[in-house]
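In terms of this note's numbering, the sequence shown has 188 at position 100, counting the first letter as 1, and numbering is strictly consecutive. Where is the CB? At the ideal position from N, CA and C, for every residue including glycine. Below you'll find the structure, written out as structure tokens, and then a few comments.
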Amino acid sequence: QRQRRATELLELVGLAKRMHHRPFELSGGEQSRVAIARALANEPALIVADEPTGALDSVTGLEIMSLFKRVVEERGVTIIMATHDPTISDLANETLIMSDGRMSHDIPDELKGVGILDAASMPGTLHGEIGMVARRAGLKVHDEASTDRTVPETTPEPPRP
């Protein structure tokens, strides 16, 4: 059953023909695809990806974003992705900006056109997922009905011994 599941996931990410290759025989883009397949192995509702296209060329980065879009559409997975690449963040269904420890839907005037985006995310039920992640990190989350969707900077309490 595990072999069948691995084959299914490698087919999904376009690597079925490379199944028996060792990691060092795979390109950076192929290694990223393997990471996506591994992330999908347990059928998660949410994937958090930190700079998934950061070390890739622009064409391969767009291929990875296309794969993410398919995963979202076909499997209903929400993907929260951090990126500094405005080209990649423009492909997201929704974008949040992190500036000075605050998350916002609005791009501050001083960042417009500069190409500096500290956090971007991709799609599904983003507000709920971001809120959940932020609350677990000890951050105060404003009510979604509020027009101000920033998350104030706070310092989480250290774990108690």
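{"query": "Proximity to Leu98 [Cα-Cα], best of Val122, Gly117, Arg90 and Ser115", "result": "Val122"}
{"query": "Whole-angstrom C-beta distance between Ile185 and Ala264, which should lie under 8 Å", "result": "In this structure the chain extends from 89 to 249, so residue 264 is not present and cannot be described."}
{"query": "Burial state of Val159, where buried means 16 or more other Cβ atoms lie within 10 Å", "result": "buried"}
{"query": "Local conformation of Glu113 per DSSP, three classes", "result": "helix"}
{"query": "Of the residues Thr183, Ile152, Gln89 and Thr141, the one placed nearest Val101, counting alpha carbons only", "result": "Ile152"}
{"query": "First through last residue of the beta strand (DSSP E) which encompasses Met107", "result": "From DSSP, Met107 is part of no beta strand (DSSP E); its letter is neither H nor E."}
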